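Structure first, commentary second.
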Amino acid sequence: MEILFAIIIGVLYAAGIYMILRRSLVKLIIGIILLGNGANLLIFLLGRITEGAPPIIPEESKVFLEAYADPVPQALILTAIVISFGLQSFAIILVKRAHKVVKTDDLDEMNATDEDS
């Protein structure tokens, strides 16, 4: 299972970097989204996939007696999802506004219109 996650993470990173290197702003946003999802899966994989009980210590013992699920990577992923959603929303609105003003989403054409002003 971890090998499959590693392959999926590699594919997401490769596709994200490929899309970021394109000239279109829409493809840039898609690349950022793919890269963010790959990073979230990487954090999840680094937390080790275990089927265990919640991390609650019973009153009669002082240490965990069996395998437990680590809550820290899950909390980090939830935080990263919320932050990436805000970033994606802002970027989409920014690209929409730039397209409305410049009438293109090609980065080279946007740069050319900036020099003419």
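Using our numbering, you'd call the opening residue of the sequence shown number 163 and step up by one each time. The beta-carbon is built from N, C-alpha and C at its ideal position, and this holds for glycine as well. Quick caveat: nothing in here was measured; it's all calculated off a predicted structure.
Judged by DSSP in its simplified three-state form, Ser251 adopts helix. When DSSP states are grouped into helix, strand and coil, Asp270 belongs to the helix group. Counting only the Cα atoms, Tyr230 lies some 7 Å from Glu213. Going by beta carbons, Leu196 and Gly172 fall outside the 7 Å limit.
Setting aside the 5 residues that flank it on each side, Ile191 is surrounded in the same chain by Gln250, Ala253, Ile254 and Val257, each with a C-beta closer than 8 Å to its C-beta; the list follows chain order. Relative to Glu164, the option among Phe206, Met181 and Leu183 whose CA is nearest is Phe206.
Residue Leu238 holds the alpha-carbon nearest to the alpha-carbon of Ala201 among Val263, Leu238, His261 and Ala274. Boundaries of the alpha helix (DSSP H) harbouring Gly193: Leu187 to Leu208, taken from the DSSP string. Taking 7 Å as the cut-off, the Cβ atoms of Ile182 and Gly193 count as close.
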